[in-house]
Every structure is written in structure tokens, then in C-alpha cells.
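Read through the structure below, which is laid out as C-alpha cells, and then see the notes.
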Amino acid sequence: MINKVKGTYDILPEDSSKWQELEQVISNVSRIFNFKEIRTPIFEVSDLFHRGVGESTDIIKKETYDFKDRGGRLITLRPEGTASVVRSVIENKLYAQANQPLKLYYQGSMFRYERPQKGRYRQFRQFGAEALGSNSPLIDAEIINYASTILESLRIKDIIIKINSLGGSESKDIYKEKLVEYLKPNITGLCNDCQRRYEENPLRVLDCKIDRENPILVDAPKPLDYLNDEDRYHFDQVISALDAIQLKYVIDKNLVRGLDYYTNTVFEIDANVSTLGAQKTLVGGGRYNNLVKSLDGPETPAVGFAFGMERLLIAIEAVKQQTPKEFIHCYMIALGDNAQNEALKIVNELRHGGLICDYDFFNKNLKGKFKQSERLNPMFNLILGEDELAEQVINVKITKTGIQKRVPLNGLYQFLLNSIRNVSSDSCSGNCNSCDEC
Ligand code: AMP
Numbered sequence: 038m039i040n041k042v043k044g045t046y047d048i049l050p051e052d053s054s055k056w057q058e059l060e061q062v063i064s065n066v067s068r069i070f071n072f073k074e075i076r077t078p079i080f081e082v083s084d085l086f087h088r089g090v091g092e093s094t095d096i097i098k099k100e101t102y103d104f105k106d107r108g109g110r111l112i113t114l115r116p117e118g119t120a121s122v123v124r125s126v127i128e129n130k131l132y133a134q135a136n137q138p139l140k141l142y143y144q145g146s147m148f149r150y151e152r153p154q155k156g157r158y159r160q161f162r163q164f165g166a167e168a169l170g171s172n173s174p175l176i177d178a179e180i181i182n183y184a185s186t187i188l189e190s191l192r193i194k195d196i197i198i199k200i201n202s203l204g205g206s207e208s209k210d211i212y213k214e215k216l217v218e219y220l221k222p223n224i225t226g227l228c229n230d231c232q233r234r235y236e237e238n239p240l241r242v243l244d245c246k247i248d249r250e251n252p253i254l255v256d257a258p259k260p261l262d263y264l265n266d267e268d269r270y271h272f273d274q275v276i277s278a279l280d281a282i283q284l285k286y287v288i289d290k291n292l293v294r295g296l297d298y299y300t301n302t303v304f305e306i307d308a309n310v311s312t313l314g315a316q317k318t319l320v321g322g323g324r325y326n327n328l329v330k331s332l333d334g335p336e337t338p339a340v341g342f343a344f345g346m347e348r349l350l351i352a353i354e355a356v357k358q359q360t361p362k363e364f365i366h367c368y369m370i371a372l373g374d375n376a377q378n379e380a381l382k383i384v385n386e387l388r389h390g391g392l393i394c395d396y397d398f399f400n401k402n403l404k405g406k407f408k409q410s411e412r413l414n415p416m417f418n419l420i421l422g423e424d425e426l427a428e429q430v431i432n433v434k435i436t437k438t439g440i441q442k443r444v445p446l447n448g449l450y451q452f453l454l455n456s457i458r459n460v461s462s463d464s465c466s467g468n469c470n471s472c473d474e475c
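Residue numbering for the sequence shown follows this note's numbering, starting at 38 and increasing by one per position.
Pasting the structure below:
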């Protein structure tokens, strides 16, 4: 029997619908942000990635699938999407189109020779986006908003947006010098990986997972403190745009990302999903103002991101497990003809107030009504008999706790809203529009 290659996996029929649903959300959100799809080949001449991704990166040093084709050309299976998109933009002169910035997205397989584990594969899929042609901080914020809206649409809410700035070439060079100067006498106090990175790509020392708490790294100079005025202004404007759209973020002064081409803004979004383990970064991205030029295109500022789609699916699965079964807000139980008419009126009012309400259409006995209520999973059973009607009150049973209260009819709606807030944080399926979560 021939088995699949290590680090690859089959998408079996029972799983393909999950992929289709994810692709559908990506395409819908991309549409509202007005990003258009681009599809590029899965292999390119090796030089594209060596120059584009950077010789000093882990990807190029040890992870690419390189081969010579039968014509003797050096070919590489793409390890990421940005270099290919930039190559295509240059080759097809898309940078000359009237509609700028170019807003493009892609999805497809990438290949990296990494140590496979959950959420890390040798053939994996990325969904990525690139906005080329504008240096406006607004487009940095747009890209971060786009990535975060994808997660919101997938109901992945427990996320952290981390953002930092490396500065443009000038700030980055000055900072690099400062960092190397600082690390030189201290470098033997850091791990082997850091020592290797110090030689090859000193910025990467900052995001070492092993020495994260090491005082040498904690006290190291940070890129954000070495931005020149222009870069500082750019970063402040990105932050102010994120504040304007009320997107929550944290400034992570150690965030540098693994690819060489980033300048200015860099960001990552982590999901708090235990099944992702150490692979909790769903998306990484940033600005890369020099890449187009370095690949022989015209000077073109750009910014983008890439999601790992397998990790998205793991996060979606975890969210589904946490989502309780469908629910309604109120199930009305009326006892007696007079109460019945009043009950209809109350249900109608509550529905107009946005609450999901239902009741018995089969004139079932009390036991039957409660049985139906169980199936509909209400947060409250509302019980109205002739006595209650006479007193203008109603019995409200909070199904989660079993507690029953007599509530004046004229205060019912407010009582329900308050109670929903109190009980809903772990009973809302995310669409009640009444609880704190929604
Ligand atoms: P990068 O292209 O390295 O910036 O990574 C962007 C995103 O792609 C990461 O945040 C992950 O979600 C995903 N990713 C990167 N490498 C892998 C891999 N080997 N397997 C699965 N997902 C990956």
C-alpha cells in the first residue's frame, strides 16, 4: 500500500463541505471589502522566493520544496502566496490599472518542509490578501479589519489582535544597528536559536519563544522606540483608524514576524482555542513597501495578510462545540380562554421588542405544553392563568435555574431583558441581539 506523504492529508467527502463553507465566507467578506480573487501557479522559478521571501528566513533556508524540472529549470513549490501575487502584478502590469489600490485575495495550497503537528503541515492551505499601490495607514487598518471580519463572520470571537511597527528601511536599519550593539555582549546568555538568528537575522531574536521572559530580551531595545517621525506618524494613524472602527488590539513591541520583507506595520491575530495548542496564530501580515521594487517592479507600497485555513477550521470546530443548542427567549403557556387572548397580545409585544417567542398551536394539555417547551429550549417559560390575569401579573420561570417569579405585566419586557443579560453569557448562541455578548 502506498500511503500519503508525511505532513499531507486527504479532505474526505464528509469534510469537504466544511471547506466549501469556509471558502464561501471568505468570498462573501472579500466581496464586501471589495477585494478580487487572483489565482497564481503553485510552482514558480526558485529565484522568486529566494529574493522575495528572503535568504535568511527559515522558510528559504530549510523548508522549500525545490527541484529541477526536465528542462533543467530550478523550480520551487510556493511556500507562501505574497511573492507569487507580486510576480503576477508585475508581469501583468496590474500596477498600471486605474483602480488603485489593487485589492487582491487568493486561496490555495502552500508547501513547507516543516515538522508536522496539529495545525502545522507540509502541504497546507492559506487564504491571503494583498493591497498594493497605497501607503495610506487607512489601508493597513482596512487589511486588519478585513482579517478580523473574517473571524467575526466565522463566530471566532475570542481573539487577540497584536500589532507593532518595524519602521521603514531607514528606521529599521538604525534599529537593527542598536539591537546588534546591545545583543553583542549578551548573546551567549540566549538560546542556540537566538545565537543563530543574531548572526542571520537579528530582528527575529525578539520573538524567540524560549527566551521570551529572559531579562536580556525583556530589556532589549524595541523597534517601536526607533521609528523616525514619518514612521511614527504612520503607526499612530493606523492605531487611530483602528480606534475609529472600535477594533480592539494590543501593541506587542516584540512582534517582528518571520519574513524578511516586512516594513512598518506588522500584525498577528491569535485565537484563544485550546485545541490549537501552540499553533494559535491564525493570521499574520503587515506592510511590505520594498518587495515590488526588489522583484523588479515599480516602487509600490503594499500591505497584506495570510490565514492558515486548517487552523481556521480547527477554531471553527472548537467554537461549534461551545455553541449551545438552538434556543428561543420565551415560551408562552396560557391557561384558559381569557388568558389565551391576553397571552397572544403579550407574545406579539415581546416579538416586536426583538424577543424570539413561541407557543402551543395544538391546544395541548399542560403536560403537552411543557413537553413542547422542552423541545424549543426557551430561556423563559411564561405562564399566564386567569388568576394572574386578574392581578395583571405573569409567572416567569427561568428554565436554566428553575427559579419562578411573579412579574407585573407592565414590567415584563424590562424584566426579561435584564434577566437575559444575566443568564445569557453562556446560553446565547450568538444571535439573540439582547445579551452582552451580542
Ligand atoms: P506565514 O506565511 O508564515 O506568515 O503564516 C501565515 C499563517 O499561515 C500562519 O499564521 C498560520 O496560520 C499558517 N501557516 C503557516 N505555516 C503553516 C503550516 N506549516 N501548516 C499550517 N498552517 C501554516
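Even for Gly, the Cβ is constructed at its ideal location relative to N, Cα and C.
Being a predicted model, the structure only gives us computed values, none of them experimental.
Helix, strand or coil: how does DSSP classify residue i here?
i      : result
Pro116 : coil
Val479 : Beyond the ends of the chain as shown, which are 38 and 475, falls residue 479; an answer cannot be given.
Lys105 : strand
Pro415 : strand
Glu81  : strand
Pro252 : helix
Val66  : helix
Ala166 : strand
Val161 : One point to set straight first is that residue 161 is Phe, not Val, in the sequence displayed. DSSP places Phe161 in strand when its eight states are reduced to three.
Pro258 : coil
Pro239 : helix
Cys231 : helix
Gly145 : strand
Val287 : strand
Ile48  : coil
Thr94  : coil
Val293 : coil
Thr312 : helix
Ser466 : In this prediction, Ser466 has a pLDDT of 44, which is less than 50 and means its spatial position is unreliable; nothing more can be read from the coordinates.
Arg124 : helix
Ile457 : helix
Arg269 : helix
Glu336 : coil
Gln500 : Residue coverage of the chain in this structure runs from 38 to 475, which leaves residue 500 outside it and unanswerable.
Glu74  : strand
Thr302 : strand
Rounded C-beta distance between residue i and residue j? I'm assuming under 8 Å.
i      : j      : result
Gly390 : Tyr325 : So it is not a contact: roughly 50 Å between Cβ atoms.
Asn414 : Glu363 : 6 Å
Ile127 : Gly334 : 4 Å
Gln160 : Ala343 : Going by Cβ atoms, the distance from Gln160 to Ala343 rounds to 15 Å, so no, they are not a contact pair.
Val66  : Ser208 : Rounded, the Cβ-Cβ distance is 33 Å, inconsistent with contact.
Val82  : Leu114 : With 8 Å as the limit, Val82 and Leu114 do not qualify as a contact, their Cβ atoms being about 12 Å apart.
Asn265 : Thr300 : Asn265 to Thr300, Cβ: 12 Å. No contact.
Ile196 : Leu188 : 6 Å
Asn291 : Leu227 : That pair is no contact at about 14 Å.
State yes or no: is the C-beta of residue i nearer than 6 Å to some heavy atom of ligand 1?
i      : result
Tyr158 : yes
Gln321 : Checking the displayed sequence, the identity of residue 321 turns out to be Gly instead of Gln. Yes - ligand 1 has a heavy atom lying nearer than 6 Å to the Cβ of Gly321.
Gly314 : no
Gly345 : yes
Thr318 : yes
Glu354 : no
Glu151 : yes
Glu117 : yes
Gln499 : This structure cannot settle anything about residue 499, because the visible part of the chain is limited to 38 through 475.
Phe148 : no
Phe86  : no
Gln274 : no
If you compare alpha carbons, which of the options is closest to residue i?
i      : options                        : result
Glu218 : Thr318, Pro239, Arg233         : Pro239
Lys330 : Pro138, Thr77, Gly89, Ile63    : Gly89
Ala1   : Lys213, Glu386, Gly322, Leu381 : No answer is possible for residue 1: it lies beyond the span of the chain, which begins at 38 and ends at 475.
Tyr286 : Leu114, Ser185, Ser54          : Ser185
Phe148 : Thr302, Arg110, Gln137, Pro78  : Pro78
Glu100 : Asn375, Val62, Gly44           : Gly44
Ile288 : Glu347, Ser208, Ile198         : Ile198
Ile420 : Ile370, Gly448, Tyr396, Ala427 : Ile370
Pro445 : Val255, Lys437, Asp424         : Asp424
Leu254 : Gln274, Pro222, Leu284         : Pro222
Tyr298 : Ala120, Ser53, Ile431, Leu169  : Ala120
Phe86  : Asn402, Thr300, Leu296         : Leu296
Tyr368 : Arg388, Ala355, Asp210         : Arg388
Ala427 : Arg348, Asp52, Glu379, Val433  : Glu379
Leu482 : Asn251, Ile393, Val62          : Nothing can be reported for residue 482: it is not among the residues displayed for the chain, which extend from 38 to 475.
Ser64  : Val242, Ser410, Tyr183, Thr318 : Tyr183
Ile353 : Met416, Asp397, Lys194, Phe452 : Lys194
Is the segment 80-94 close to the segment 49-68, with three or more CB pairs under 8 Å? no
Sufficient close CB pairs (3 or more, under 8 Å) joining the segment 121-135 to the segment 305-324: no
Pair every Cβ in the segment 255-275 with every Cβ in the segment 166-178, then say whether three or more of these pairs are closer than 8 Å. yes
Pairing CB atoms from the segment 135-151 with CB atoms from the segment 68-77, are three or more of them under 8 Å? yes
Quick check: the segment 278-285 against the segment 251-269, are at least 3 beta-carbon pairs closer than 8 Å? no
Are the segment 223-231 and the segment 246-254 in contact at 8 Å, needing three or more beta carbon pairs? yes
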